Ligand SMILES: Cc1cc2nc3c(=O)[nH]c(=O)nc-3n(C[C@H](O)[C@H](O)[C@H](O)COP(=O)(O)OP(=O)(O)OC[C@H]3O[C@@H](n4cnc5c(N)ncnc54)[C@H](O)[C@@H]3O)c2cc1C
Ligand code: SF4
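Protein chains in written order, with our numbering: chain V, 151 to 980; chain U, 64 to 412.
So, in structure tokens, the structure goes:
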């Protein structure tokens with residue numbers, strides 16, 4: 151292999167560093183006008199009246215829109231169609247859009263916002279999940295499992311009570327993971343216009359043009375075929391640009407009404423309001439273990455603060471309980487999850503989607519278990535690592551598992567044996583592991599079609615164009631597309647043009663989320679390229695009178711393996727093939743394998759394969775001030791095979807960077823003013839200055855080890871790297887703090903204040919710990935009992951609890967027994 | 064993005080011209096680097112109809128030893144820094160780096176390299192006071208019905224407070240106080256010099272004693288005369304962040320290690336820099352032992368009254384004041400604090 155595996159400059163690197171990449175906000179069209187949104191200043195209220203007359207009369211204003219212009223709701227999940235582009239009669243958080251002004255420039259639009267008179271009738275505000283649990287009225291939404299509870303889940307795989315009875319020790323711990331946000335450097339921006347035929351075009355910094363396309367068709371009641379969504383290169387997304395957003399629907403409508411291009415570029419404050427970031431999660435872990443560390447069973451409860459809308463929240467809820475089983479063998483497992491609505495910006499998917507929170511709890515608890523059993527934490531994990539090619543208790547099919555190798559490699563390079571438990575007071579090291587999906591096994595809406603499609607056009611010049619709906623959000627997906635095609639066809643990346651993320655021009659790819667693009671698009675690209683290679687090989691074989699299977703595609707030539715001098719250039723090969731077959735174009739597509747889970751809720755968690763990581767973090771803690779410094783992080787990641795090691799290492803380092811922020815400082819938190827004076831509930835600091843995220847000076851040294859053991863399910867053996875390496879870092883920081891000073895910080899962020907509080911408690915002879923004291927009472931539904939595979943289960947729920955399956959609908963992907971309904975997989979690569 | 068409101072702009076060439084423009088245009092404001100004022104204008108914290116730019120006023124942009132700036136008499140061996148000198152220029156000046164450690168360390172830790180390229184010393188001294196309820200955009204402030212400092216009536220930090228408690232967040236002011244510096248202030252018809260300490264008032268709204276129509280033209284650093292100084296800044300990250308506590312300390316120490324005189328100043332714990340003479344007095348005439356440091360640190364931390372309007376909790380900020388005073392005194396004593404500095408500041412200073 152020439153391209154795959156060699157460190158290369160990414161294909162869009164030149165454009166990015168020379169400032170030529172055109173982001174959404176760089177688009178300037180003739181006659182373009184500008185849009186601003188008026189956002190609610192009240193956290194929860196009925197909208198009594200919106201009077202726009204003064205704004206409309208303001209010089210330079212072209213259009214003012216309100217909720218009445220958008221009667222149709224939308225939302226990313228079919229089960230949560232709870233958003234309106236502009237509020238109809240209710241606002242649910244400070245920042246919820248109420249009206250939109252389109253004017254000749256941004257300043258005019260901004261000034262006109264102040265001329266819109268809105269009369270609100272304030273309603274009781276919910277700022278804390280426990281309030282939402284305790285108080286069903288007034289309901290923030292008219293749907294959901296009960297009162298202000300959005301979703302309740304209870305899944306049980308095996309007899310967990312018996313497992314605890316069989317255990318030598320049972321550990322019970324509560325943890326809290328504070329919410330945080332994505333902070334992409336590019337604020338969301340969009341431009342909408344009518345094309346010359348009168349059809350709608352939307353350019354947007356979105357990770358999911360396909361889903362935006364569907365949402366626009368619904369919200370605007372227009373045929374999807376008359377809408378074109380173009381995803382501009384994103385200046386970072388991290389999950390924050392994967393929902394259809396108010397501003398996209400608003401500018402689309404405005405452009406249609408005005409027949410002029412309309413642009414919007416959100417301010418940083420508005421990005422904080424769009425949010426869809428990490429859910430704050432309170433959780434409880436109960437784990438039974440044998441003396442040798444073997445886990446007998448686990449019971450996990452999570453409470454998610456969902457904010458004001460559904461977003462991906464139902465999936466997020468399931469994710470907090472999905473991946474515990476893919477790292478270590480857990481024979482009996484019970485998961486209960488609850489998501490509530492509150493009057494804050496909606497939470498959703500952020501890098502690691504729903505799994506970092508519970509990974510944090512699980513890995514700290516393992517550290518406590520190791521200590522309790524007097525087993526080294528690395529040794530403990532090595533003993534219980536799950537086996538490859540296994541079906542877990544909750545019916546996730548794991549492929550290759552490089553976790554043990556990750557642990558061995560990372561402990562070796564960090565000199566764990568000589569540092570853990572052996573450093574002077576104030577210095578410590580901590581270990582943690584993790585796993586993540588290489589693409590969600592199901593689309594967010596029910597369908598049997600491929601998840602990714604690639605189309606190739608081969609030109610007589612020897613150039614190739616690769617079309618795919620995948621979206622370049624900075625992660626390097628264009629590079630993966632081009633790299634895979636170049637490898638198969640034996641040409642150079644520069645010979646290939648990638649056309650991506652355009653619903654008119656490119657075949658559907660579901661989007662840049664769930665670490666799915668490399669695996670799914672990569673497999674589709676290989677299939678399309680192999681089909682093209684086959685056409686070319688046929689023609690060249692005839693010309694050279696060499697059997698097809700002796701032909702080699704390399705160095706921009708097609709030649710005889712036995713006699714490399716005998717061959718033709720790649721361009722000639724295309725000409726020969728075109729002469730023989732007519733115009734050369736091929737397609738490839740990828741559909742994930744059938745899931746083994748056939749119970750309601752089994753749609754979240756399955757993936758073609760899982761990546762694994764292990765990290766060791768070093769900390770330096772000042773016992774007088776609590777000040778914490780992280781000088782170094784060692785991390786090993788099971789990548790299967792790295793297609794472009796430069797990009798892979800970039801993703802690992804970027805993950806560590808984001809993780810260090812979550813571990814030490816980032817918090818999406820809110821302020822309430824004294825209730826007798828104000829009902830305000832505002833984001834505490836929606837700015838990049840006061841929402842603290844590390845700078846380069848705060849970044850630890852990162853030592854990365856890539857564990858390569860190609861997985862046959864991935865393109866050339868590749869697994870994901872975009873999200874997994876983030877996960878082990880936060881718990882490893884917490885474990886390192888314990889090693890350094892003997893106190894447990896069972897929540898993030900781990901701040902100097904909390905460290906000092908824990909040290910004070912220790913000095914006073916109290917529990918040396920900062921973290922939540924308890925998990926609230928929740929009236930859980932009857933569990934859905936699914937016997938695990940080793941109890942002769944078949945992936946279906948036991949009949950006893952059939953009742954709770956009645957509510958499942960075909961459209962409810964997140965909650966359907968997807969596997970059972972899946973028909974013949976189409977276009978799967980053999 | 065957030066847009067600036069409309070304003071008129073003047074670019075005078077002399078201090079006199081600038082002062083006259085200010086005097087003749089009600090509501091006009093000076094702008095130097097604009098790194099504080101322009102973001103504030105985008106958030107509508109200040110909406111001056113006229114801005115008088117100082118970047119073209121050449122006489123404000125020099126650092127001279129003993130020289131005289133327009134209207135500001137200066138001693139022969141003091142160092143005079145024009146108010147328009149950028150923080151980058153200040154940090155690059157060897158005389159400041161070698162002689163006036165506290166000022167150099169303070170300036171080197173301000174904001175980011177880009178902001179230091181634009182931001183000036185004069186702007187830093189006149190920097191608006193800061194508060195988490197105030198440094199927010201217009202819509203956010205509207206959602207809390209504004210506050211006393213701008214457009215509202217209540218102080219949300221302490222609802223019964225008759226005054227605004229916004230925080231003095233300039234890094235150079237505490238350092239300059241510790242160094243015993245003076246400033247020259249010029250209006251259309253007068254010029255005066257005052258101690259940096261007298262430039263400030265403990266009031267989050269009226270935090271300067273200077274009148275709006277006065278131009279701060281220069282900062283005068285006294286002769287070194289054996290003084291050593293240092294500056295320690297608390298902030299969450301190694302760059303960007305304003306101080307949420309700072310300690311500037313200066314001392315004249317004899318060859319035998321006894322302290323002849325000292326000054327200790329706290330920044331970001333009130334609406335003005337706070338000098339702590341009691342702590343300085345405790346040092347005078349004695350050698351800096353660990354015990355003495357502990358005593359002085361306790362005394363120095365006493366007047367720190369942080370409020371809940373910056374990063375970090377106020378109790379913790381109050382508590383670690385002792386630690387930061389300790390760091391400063393250890394450095395003055397001559398301890399090797401490089402590793403500590405790197406951990407706290409994430410840079411070598
Ligand atoms: C992200 C960010 C981080 C920052 N971090 C820090 C920090 O860590 N520490 C810190 O101290 N500051 C910080 N700042 C604030 C600012 O960058 C600096 O204080 C800078 O020195 C201000 O100087 P300037 O010339 O840009 O001031 P300007 O913005 O031009 O002016 C500030 C104020 O001073 C007045 N003014 C300016 N010059 C004069 C003069 N000669 N006479 C009278 N009045 C005058 C102006 O009218 C205005 O009210 C930060 C700013 C930002 C945006
Ligand atoms: S201290 Fe009070 S009055 Fe001053 S800015 Fe803050 S909230 Fe407003």
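Quick reminder that beta carbons are idealized off the backbone N, C-alpha and C, glycines included. Given the structure is predicted, the values throughout are model-derived calculations rather than measurements.
Residue i at chain U interface by Cβ criterion, 9 Å
i                      : result
residue 834 of chain V : yes
residue 827 of chain V : yes
residue 337 of chain V : yes
residue 918 of chain V : no
residue 967 of chain V : With a pLDDT of only 40 at residue 967 of chain V, under the threshold of 50, the placement of this residue in the model should not be trusted; the figure read from the coordinates follows. Closer than 9 Å: no.
residue 610 of chain V : no
Straight-line Cα distance separating residue j from residue i
i                      : j                      : result
residue 208 of chain V : residue 252 of chain V : 11 Å
residue 426 of chain U : residue 178 of chain V : Nothing about residue 426 of chain U can be read from this structure; chain U reaches only from 64 to 412.
residue 389 of chain V : residue 650 of chain V : 19 Å
residue 477 of chain V : residue 761 of chain V : 10 Å
residue 357 of chain V : residue 278 of chain V : 30 Å
residue 261 of chain V : residue 166 of chain V : 35 Å
residue 298 of chain U : residue 849 of chain V : 15 Å
residue 408 of chain V : residue 503 of chain V : 39 Å
residue 708 of chain V : residue 862 of chain V : 26 Å
residue 195 of chain U : residue 482 of chain V : 48 Å
residue 882 of chain V : residue 675 of chain V : 37 Å
residue 175 of chain U : residue 151 of chain U : 10 Å
residue 21 of chain U  : residue 117 of chain U : Limits of chain U in this structure are 64 at one end and 412 at the other, which puts residue 21 of chain U out of reach.
residue 367 of chain V : residue 728 of chain V : 39 Å
Within-9 Å CB hit, residue i to chain V
i                      : result
residue 309 of chain U : no
residue 66 of chain U  : yes
residue 301 of chain U : yes
residue 134 of chain U : Low confidence applies here, because residue 134 of chain U scores a pLDDT of 49, under 50, leaving its location unreliable; read the following figure in that light. Answer no: the Cβ-Cβ gap between residue 134 of chain U and chain V never drops below 9 Å.
residue 374 of chain U : yes
residue 407 of chain U : yes
residue 218 of chain U : no
residue 321 of chain U : no
residue 124 of chain U : no
Opposing strand residues paired with residue i [DSSP bridges]
i                      : result
residue 113 of chain U : U:71
residue 790 of chain V : V:858
residue 252 of chain V : V:185 and V:213
residue 434 of chain V : V:324 and V:451
residue 415 of chain V : V:339
residue 315 of chain U : U:290 and U:324
residue 304 of chain V : V:486
residue 605 of chain V : V:617 and V:737
Minimum C-alpha distance to residue i - residue among the options
i                      : options                       : result
residue 982 of chain V : V:616, V:825 and V:524        : Residue 982 of chain V cannot be examined here, being either before or after the span of chain V that is shown, 151 to 980.
residue 224 of chain U : U:360, U:199, U:121 and U:210 : U:210
residue 520 of chain V : V:197, V:563, V:473 and V:571 : V:571
residue 757 of chain V : V:945, V:317 and V:864        : V:864
residue 734 of chain V : V:752, V:688, V:391 and V:856 : V:688
Near-chain V residues of the segment 176 to 201 of chain U (beta-carbon distance less than 9 Å), N- to C-terminal order:
Residues of the segment 176 to 201 of chain U that bring their beta carbon within less than 9 Å of a beta carbon in chain V comprise 195, 196, 198, 199, 200 and 201, in sequence order.
Counting only Cβ-Cβ distances shorter than 7 Å, please list the residues of the segment 419 to 452 of chain V near chain U, keeping chain order.
Cβ contacts with chain U come from 419.
Give the residues from the segment 185 to 213 of chain V that approach chain U closer than 7 Å (Cβ to any Cβ), ordered along the chain.
For the segment 185 to 213 of chain V, which is checked against every Cβ of chain U, the residues closer than 7 Å are 189 and 191.
Report the residues of the segment 721 to 750 of chain V with a CB closer than 9 Å to any CB of chain U, ordered along the chain.
From the segment 721 to 750 of chain V, no residue has a Cβ closer than 9 Å to chain U.
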